[in-house]
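Residue numbers (this note's numbering), protein chains in the order written: chain A, 495 to 897; chain B, 495 to 897.
Below, the structure written as structure tokens:
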């Protein structure tokens, strides 16, 4: 079903059908009810945030119907709400057959181009004196008759246009367009997670995937000035702002940890090829402390197996060794770079992440790709790791990223 | 570019172009060379395994060219080799302009349908007395003249057919079809991982994603008879067989652990709602021992946040707590069920995984979704966990899954 610019102004939509079947639908009764309630709450948050008016929201099994004069805008906004499978701007009517067919003909009149093919599809729940097939046939017949001059033809297999009819007890909705949502679970259905956010391409995508599965996020940015520029901090905060567009109504707090001094210490005191490993282990340690403070339940990172020197399977094991209280979740483990980039484009963080700013100048020419845990521990024993962690956590700043 | 059945018998292909740029191309010189060598080795393994004859394999920067009379079969087999971006059956010629154009015309003659649109695209490396654009124009012109009766037209933007020309020093290749590979890294470029393989939809997809990033796998199946049927074991081994089609030439060992007695103990001795958590923690512990024995570097599971009661973020944290030596990698963390299913179809495990066999009859009606670590530890203190782990590992069988 394609969105056909221009015709919306002619047909008056007064409703939006919100579908969320998928994974929510197969949950147990109790969980499903809780998830549906949460989804409804998140939908209201989004509509309120963007100031999109609506008259009524009706929750029914597997569907939410929204009465609104801004059907197109409501539909478009809700494609960015986790848990929503798809949405359709629609026109409501009673379930009386004649009225349904009449609305379908009206919609067809606005939508169907000359010589195009179409199909009518119906989904029906409740008791009615007609079948779904009956509605489709009657609506199809009436469309052909009423719009005879357009030379339309029915094509049930591969139609250019589809007129959808959804009959629900004593109401019915007709629609011609379905916008895909991102599915997943309503935000807040899982606990908070701490996200290592760098401003690069990967970490925001990892954050987003955790959000998609219901987790709210608290991004932590590690500021490594003087090994990078202040622009990078701004970039990371811009990425965070973009990400928060997916969590309207939820906290927008970001931690900024001064990590440059730690890096200086590693460069000065430890074998140069271990710099990246030591740096990352420190990040994990600090993230665990913040997770404790925030009562989060896990740490999200953007690592993918083998993508960078620090991300070989051996190095990931050495990194994991310091995360003793919280699991480190890496949603991008199995992603190819190109797949991550495509997703970054979809969620609108790619452009910000690829703005040119300097990289990290602390990385050695030959970082260890198969660091030995013993060697890393030995290097750390020479340092006051606990003191460094405490200092970093104490000095960490939090900022609220405005929308 | 579409595969057009039937025309292959007319044009004689004698080569296959194998592309693998992507992520391998951006590695440092040393790593890239090692990866390219490994990729070549894996390609040879696959051709040998399937008994597809070939005359020569030429490795050049960013490309592998295979001389073979079985171009179509070679191309098709290599789409299942990790690290390969795409392949094209091709016809080789010298880089002399007239000969290249002549081959392009021959190919066009076999491929282009009456009234269709086409484009010629050229990629050229080396010194030549002509430009890439020059080849395209000349080939396009000659095709239009020689095949005048077919009423062809050039469409550079959105052609129905594309004639590809790749000039490489003193050789050139023409082709009309490009088959997509799965990209990623060559198998074996990362160490071994232990995979929890259940035979269900998720775990094989998680295994495959780890393989895609270069890891070789050792699946571990937990046999929970009498809480399931023997058919499930057979199913898991069939899934493993399918997965091993993606790792031709690598070990095909699967561990089978008798886990039913452990489950009986949990049901008998521990709070019923903790059964799933206790069961899974035991699996992790046993997997860690096997990882040690096998010198693997991590454990792969098919868990996705919130998909099942045992996979809430809180429960994942309680599970992680027992994995102290190896990271638990969960490539499906951020996947929706539907996304996992689509990938399962693509890698051909879906049909096997969805064959009807009984599920696990040990799962309680109300499994804990937010298990408390203290409660779980208390339950475990009542049991001889270490003894159970040792017994399970000692009794574990290994089978070699035949192709």
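Think of the CB as a built atom: it goes at the ideal place given N, C-alpha and C, for glycine as much as any other residue.
In chain order, 799, 827, 828 make up the part of chain B whose C-beta sits under 8 Å from the C-beta of residue 704(A). In this structure residue 751(B) is not in contact with residue 857(B), their Cβ atoms being roughly 18 Å apart against a cut-off of 8 Å. Taking a C-beta distance under 9 Å as the contact criterion, residue 710(A) and residue 678(A) do not qualify as a contact pair. Cα atoms of residue 684(B) and residue 732(A): separation of roughly 35 Å, rounded to the nearest angstrom. Neighbours of residue 814(A) across chain B, judged by C-beta separation under 9 Å: 792, 817, 820, 821, 822. Assignment of residue 585(B) by DSSP, reduced to helix, strand and coil, places it in the strand class. Per DSSP, the unbroken alpha helix (DSSP H) holding residue 886(B) starts and ends at 879-889. Boundaries for residue 609(B): no beta strand (DSSP E) harbours it, and the DSSP string shows neither H nor E there.
At least one CB of chain B lies nearer than 9 Å to the CB of residue 677(A).
With respect to the 9 Å criterion, residue 722(B) and residue 847(B) are not classified as neighbours on the basis of their beta carbons.
In the DSSP annotation of this structure, the continuous segment of the beta strand (DSSP E) that includes residue 690(B) starts and ends at 686-690. Proximity of chain A to residue 842(B) at the Cβ level (cut-off 8 Å) is not reached, the minimal Cβ distance being about 17 Å. Note on geometry: alpha-carbon atoms of residue 712(A) and residue 688(A) lie some 5 Å from one another. With 16 or more other CB atoms across the displayed protein chains lying within 10 angstroms of its CB, residue 772(A) is buried. Residue pairing by DSSP places residue 823(B) opposite 794(B) in a beta bridge. A straight line joining the alpha-carbon of residue 774(A) with that of residue 813(A) spans about 7 Å. Below 8 Å, enough C-beta pairs join the region 665-678 of chain B and the region 588-603 of chain B to call them touching: three or more. Rounded to whole angstroms, the Cβ separation of residue 544(B) and residue 571(B) is 6 Å, and the two are in contact under 8 Å. With its beta carbon less than 9 Å from one in chain A, residue 709(B) belongs to the interface. Note on residue 800(B): 16 or more other CB atoms within 10 angstroms of its CB, so buried under the neighbour-count rule. Under the DSSP assignment, residue 717(A) falls in the beta strand (DSSP E) whose first and last residues are 710-717. Excluding the 5 residues flanking it on each side, residue 793(A) has same chain C-beta neighbours closer than 8 Å at 687, 688, 689, 690, 778, 781, 782, 785, 817, 820, 821, 822, 823, in chain order. In this structure, DSSP gives residue 856(B) a state outside helix and strand, which the three-state scheme calls coil. Chain A places a beta carbon closer than 9 Å to that of residue 811(B), counting this residue as a contact. The continuous beta strand (DSSP E) containing residue 655(B) extends over residues 655-662. Within chain A, the residues 800 have their CB atoms less than 8 Å from the CB of residue 683(B), given in chain order.
Among the bridge pairs identified by DSSP, residue 616(A) is matched with 659(A). Around the C-beta of residue 806(B), 16 or more other C-beta atoms lie within 10 Å, and the residue is accordingly described as buried. About 15 Å separates the beta carbon of residue 522(A) from that of residue 556(A), a gap too long to meet the 8 Å contact definition. Under the three-state reduction of DSSP, residue 666(A) is assigned to strand.
For the pair of segments examined, the region 605-613 of chain A was found to touch the region 639-656 of chain A: the number of CB pairs separated by less than 8 Å reaches three. With respect to chain B, the C-beta atom of residue 601(A) has no partner C-beta closer than 9 Å. Taking the CA atoms as reference points, residue 730(B) sits about 22 Å from residue 829(B). Beta-bridge partners of residue 673(B) (DSSP): 581(B). For residue 604(B), the three-state secondary structure derived from DSSP is helix. Per the C-alpha coordinates, the member of 617(A), 512(A), 564(A), 715(A) positioned closest to residue 549(A) is 564(A).
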